[in-house]
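Residue numbers (my numbering): 119 to 826.
Don't be surprised by glycine CBs; every beta carbon is placed ideally from N, CA and C.
In what follows, a single structure is set out as structure tokens and then discussed.
Here you go:
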């Protein structure tokens, strides 16, 4: 299970009888339960837990699997183990901070259960009782003991483990965990099935998920792995519902909006656009263009994500869509996260749009005041053109009154509000957002539930495979020799570091330091350039221009070159301290080379102290399919890292696992659309009120992820 684990079997100690019907019993105060006096009731209340219903809906935050017991004679010192035995002797601690010892026996031998710093624990045991205990095995004075971390009483010597796992909860300090476990297990058995189930009340068709009450009971009891995972899936489904609700609602709102005008691209116009290109379109590009052109001709605004591998041709698709819009006498805008990427798009536009006679202009922080003023006049007059730029496009004084198409590149670097500011420049603007990271289907559905998704799953001809290898940091001198040899042979070399400058807190190689060391090692030939986020945009632009021209054939940088830098002469990518980057980011960096006819390589330099890091990097040695790599990154690093930091909190699901719950995500999306189409807002609001608070609170987190 994503927070895998299970609960334990009921204590024989009963809760206090609750009066009235089960429905009313759910609303009884916690003070009516045995063991909950005024002080503990007040502590529960301070944590927002006042009734039986509150307690049942207060879910575990993690689970610790409980292993099956093993014979006492087979315990191995230094390892964790579980035993079940009959209590034969109880030796209380003689000192307040000493150890209490409880001797137990099974049919193979005896072992001492040792409880450190728990002077009163001995009073819980009686001779002849059967106990399950879990802890670390030790030996002292030739005798084996178990330093106990968890114990529970069981019915007999052959009872086995009391549950599949032990659930852990966030509890007030005044509430002992053992008391809470007893309360919640007993209540879960008798009353959880009475909890409201919003899905059962919504007239939705059946789905392969448990009723909510059964799921809540199983989550608290953790009786066995199969039932526990079924419970996890139901709660994962509810998490998806809460996460997707604002996205689906925003999508519905977009679909109810009417555009003031549309852009129609007929077969003749498409042929004119295609014929002017200096290259042939792939089948995938043609398919996606058909989808985009259909959106432009529709009466409701386009809301589409375009993702694909590095070099799959997303920019060409976006520029052709912009060309169609501008040729239809409208304005378009292309928003890039960095000046470096905006400059790259401007160069690509010159190749693609100038033969079509499509005017374009750029606007960044470096644009001179006079040029900015002239451009503002052109835009405000309604002149058809494509505006390429950075955050400078978003300021209020930049007016784009005839904006028909807004393209956002590397969308994960922009927030919803920023995309919204661009769309707000005109009425009902078509939106196309692009990502150079191939996105697994589950992640695309979760992060972009408000978007239609198009994928470029085919590479243009002529891209040469990039041979990838992993080197250890102690081989840096050999890597430096490789860099020198490639540069002196007329190639270009990217060298990427995780940090700009050295840090005492992190043992990582910094770009500024490495650039100086390489320059000294090469003695000026080849020359070494430097680019990173702390330098001025014009300094980075100058470094890149010198790199492209071959005057400075080695460029040391941070992730500023991850996307949008097109240098066909580059044949070697070196990533230092590569384990610090995700697989998807490394795949992006690798895509900076192999763009020309010459064979290209990628060297991943890693510290040699973590075998698991080397194993992860080896994925890139064997795999070149961006979708496969992105899926592995999702499984290893989690969704937030891949989607970008802005989505990280949104995708910190408690029970859902995006790597394996794609069917639940699709079901939640389908169900929400049914409810919205039926205008069954009551069912959705009921879901928010009746679901566990931990799931309800996710709505507040995801509310900011609208269509923007």
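- Its chain contains 785 as the residues whose beta carbon lies nearer than 7 angstroms to that of residue 325, once the 5 sequence neighbours on both sides are disregarded; these appear in chain order.
- DSSP links residue 183 through a beta bridge to 283.
- For residue 718, there is no enclosing alpha helix (DSSP H); the enclosing beta strand (DSSP E) covers residues 718-724.
- In this structure, DSSP gives residue 208 an extended state, which the three-state scheme calls strand.
- Here the alpha carbon of residue 305 sits roughly 49 angstroms from the alpha carbon of residue 744.
- DSSP, reduced to helix, strand and coil, places residue 684 outside both helices and strands of the structure shown, so it counts as coil.
- Taken atom to atom, the span from the alpha-carbon of residue 578 to that of residue 341 is near 54 angstroms.
- Relative to residue 472, the option among 336, 440, 607 and 690 whose CA is nearest is 440.
- Sorting 216, 236, 249 and 381 by C-alpha distance to the C-alpha of residue 523 places 381 at the top.
- The C-beta of residue 285 has 16 or more other C-beta atoms within 10 Å across all chains shown, which makes the residue buried.
- With a contact defined as Cβ atoms closer than 8 angstroms, residue 162 and residue 294 miss out at about 12 angstroms.
- For residue 355, the CB contacts under 7 angstroms within the same chain, skipping 5 residues up- and downstream, are 327, 782, 785 and 786 in chain order.
- In the DSSP secondary-structure assignment, residue 491 is not bridged to any residue.
- By the C-beta density criterion, residue 464 is buried, having at least 16 other C-beta atoms within 10 angstroms.
- Counting only the Cα atoms, residue 350 lies some 49 angstroms from residue 449.
- If you look at residue 256, you'll find it in the beta strand (DSSP E) that goes 248-258.
- The Cβ atoms of residue 688 and residue 771 lie no closer than 8 angstroms to each other.
- Segment contact: the stretch 331-341 against the stretch 303-317, three or more CB-CB distances shorter than 8 angstroms; contact assigned.
- With a beta-carbon spacing of about 5 angstroms, residue 549 and residue 421 fall inside the 8 angstroms limit used to define contacts.
- The alpha-carbon separation between residue 624 and residue 733 amounts to approximately 22 angstroms.
- DSSP places residue 289 in the coil class of the three-state scheme, outside both helix and strand.
- For residue 795, the closest alpha carbon among the candidates 650, 187, 456 and 371 is that of 371.
- Taking a cut-off of 8 angstroms for Cβ pairs, the stretch 162-173 and the stretch 141-151 touch, as three or more such pairs fall below it.
- Looking at the DSSP output, residue 507 shares a beta bridge with 453 and 481.
- Cα atoms of residue 375 and residue 366: separation of roughly 14 angstroms, rounded to the nearest angstrom.
- Counting the other CB atoms within 10 Å of its CB gives residue 209 a total below 16, which places it among the exposed residues.
- Taking the CA atoms as reference points, residue 418 sits about 19 angstroms from residue 364.
- Beyond the five residues adjoining it in sequence on each side, residue 362 comes within less than 7 angstroms, by CB distance, of 567, 786, 787 and 790 in the same chain, given in chain order.
- Here residue 221 has 206, 207, 228 and 230 as same chain residues with Cβ atoms under 7 angstroms from its own Cβ, once five neighbours each way along the sequence are excluded.
- As the crow flies, the alpha-carbon of residue 264 is around 15 angstroms from that of residue 236.
- Residue 474 and residue 391 do touch by the CB rule: their CB atoms are close to 7 angstroms apart, below 8 angstroms.
- The beta carbon of residue 720 sits closer than 6 angstroms to the beta carbons of 584, 586, 691 and 708 from its chain, once the five residues preceding and following it are set aside; these are given in chain order.
- Within the same chain, 629, 630, 633, 661, 673, 674 and 675 come within 8 angstroms of residue 648 by CB-CB distance, once the 5 residues on both sides are set aside.
- When DSSP states are grouped into helix, strand and coil, residue 789 belongs to the helix group.
- The C-beta separation of residue 468 from residue 396 comes to about 11 angstroms, leaving the pair out of contact by the 8 angstroms criterion.
- The beta carbon of residue 253 sits closer than 6 angstroms to those of 264, 265, 266 and 267, all from its chain and outside the five residues before and after it, given in chain order.
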